[in-house]
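A short worksheet on the structure shown next.
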Amino acid sequence: MNAEELLRMRIAGKIENEGVQGWIWDNGNRSKKTVRCLPFRDYMEICLYDGQWGYYRSGDIRVGKSGDFYTSPFLGMVMGEKLAAFIGRLAESFGGGIDVAEWGAGTGRLSRQMADAWKRSGQLPLAEMTYTVVDMNPVHLSAARVEMEQVQHVFSGLQFMTPIEAEMVQWGPRPLVVAANELLDAFPVHRLVKVEGKLWELGAASVGLEPIADSGSTAAFQYAYMPLSDPLLAQSLACDDVELEEGQVFEVNLDAERWIAVMGALIGRGALVIADYGHEAAELQSPHRMNGTLRCYKNHIAHENPFDSVGEQDITAHVNFTAIMRAAGRTGWRVGYYDTQKRFLLDQGILDDLAAHDGSNPFGEEARRNRSIAQLLLGDGMSDIFKVLVLVKD
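Residue 1 is where the sequence shown starts when you use UniProt numbering, and the numbers rise one by one after that.
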């Protein structure tokens, strides 16, 4: 059996042993059939974070041309440079001396871009700074060590940690600024839906076996309906004034809210600089989003079936920034900045970086940089979907 088949069997066993009673439509939606199921959030967590076969814990590098998706550092150096300059100004508000960590750093490309920008600008006293690269994927951490090798001498200290290790560190006394680029969207989400006027949670149910070419069959899954697994789910909708239409699906990311709280407990003084795709709650519940925002990515192709390619594809959902800011307010953070990534980049003077050139060499440095800026600001409208949220503890 290959890794996907083994992970499918592990999930099927967990449903059998730990699942709760739910139901699926039977006979062409004319009756309900009782099934055992796990909350979709738990299914998604196993797919992404299982210690042996989870997407983010095993396999090759997941980001970039050879992976399944791109992040902004792979669109050129501009995003890294602008974040570096912004963090430099944050440092001034804290008195000049800070330490920096990137949480969910992947292969370390953004960290390297910021380090190079600080070296060129002299904006921060790097010889006094400890820089920490945090990621769960051992292959990513190994790649990050290589990426950061050429700049390790400029820092007072350069550390590489898993999230569990980083959450055990006694940070301080210097202020800590944490960059989190496309981190929150990677947390597992609960999926809620209104059926027959009642709020249900979507679960994952095992529905027997499906054939696999040349290898027999393996466990198959489908959505089921189950009672809410956590009372905080209904509370979250109520706090954000979310009222679903019949049949509408809405994602709740309690894990992201808990991460904000954990960071609040770890950091006595500092900031979180969060860049991610998402909206406020009012937009996420709008009628054109009846199916929620869950997406899967494999080989740079997006689709909506999380029960395919188990452990071999990314699963993600848009961030509810209303919920994140609400969680931040409960745990000692204040909002220092919130706007679209496009507005953030404009505020940081990105248009000043456009370079004049004669166009004779479309592969020259100036042309490539201009294309990178255009893609960040205009590409697929993503720069308006992406938001930048800065949370501060003074």
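Virtual Cβ for every residue (Gly too), placed ideally from N, Cα, C. Everything numeric in this text was worked out from a predicted model, so none of it was measured.
Fill in: For Ser309, three-class secondary structure by DSSP
Coil.
Discussion item. Under DSSP, the alpha helix (DSSP H) around Asp116 begins and ends at which residues?
Written reply: Run containing Asp116: 109–121, per the alpha helix (DSSP H) assignment.
Worksheet item: What did DSSP end up calling Gly332 once you bin it into helix, strand or coil?
Response: coil
Worksheet item: For Val20, which beta-bridge partners are listed by DSSP?
Response: Cys37
Worksheet item: Are Phe321 and Gly292 closer than 9 Å when you measure CB to CB?
Response: no
Discussion item. Just to confirm my understanding: we take Val195, look at its own chain, exclude 5 residues before and 5 after, and list those with CB closer than 8 Å. What are they?
Written reply: Tyr225, Glu246, Gly247
Discussion item. Cutting at 7 Å between CB atoms, please list the residues of its own chain near Ala234, excluding the five before and the five after it.
Written reply: So the list reads Leu199, Leu228, once near-sequence residues are dropped.
Fill in: Any beta strand (DSSP E) of 3 or more consecutive residues that is wholly inside the stretch 222–265
249–252
Item to complete: From the DSSP output, in three-state form, read off Glu159 for me.
Response: In the sequence as displayed, the identity of residue 159 is Gln instead of Glu. In the structure shown, Gln159 sits in a strand (DSSP, three-state: E or B).
Discussion item. Can you look up Tyr338 in the DSSP assignment and give me helix, strand or coil?
Written reply: strand
Discussion item. For Glu312 and Ser93, I'd like the C-alpha separation in whole angstroms.
Written reply: 43 Å
Worksheet item: So who's on the other strand from Glu167, going by DSSP bridges?
Response: Bridge partners of Glu167: none, in fact.
Worksheet item: Just the Cα atoms here: how many angstroms apart are residue 419 and Val178?
Response: In the structure as shown, the chain begins at 1 and stops at 394. Residue 419 is therefore absent and cannot be evaluated.
Item to complete: Assign Gly13 to buried or exposed, taking buried as 16 or more other Cβ atoms, counted over all protein chains shown, within 10 Å of its Cβ.
Response: exposed
Item to complete: In the DSSP assignment, find the beta strand (DSSP E) that holds Ile98 and state where it starts and stops.
Response: Note, Ile98: premise wrong, no beta strand (DSSP E); not H, not E.
Discussion item. Per the DSSP calculation, Ile301 is bridged to which residue(s)?
Written reply: Lys298
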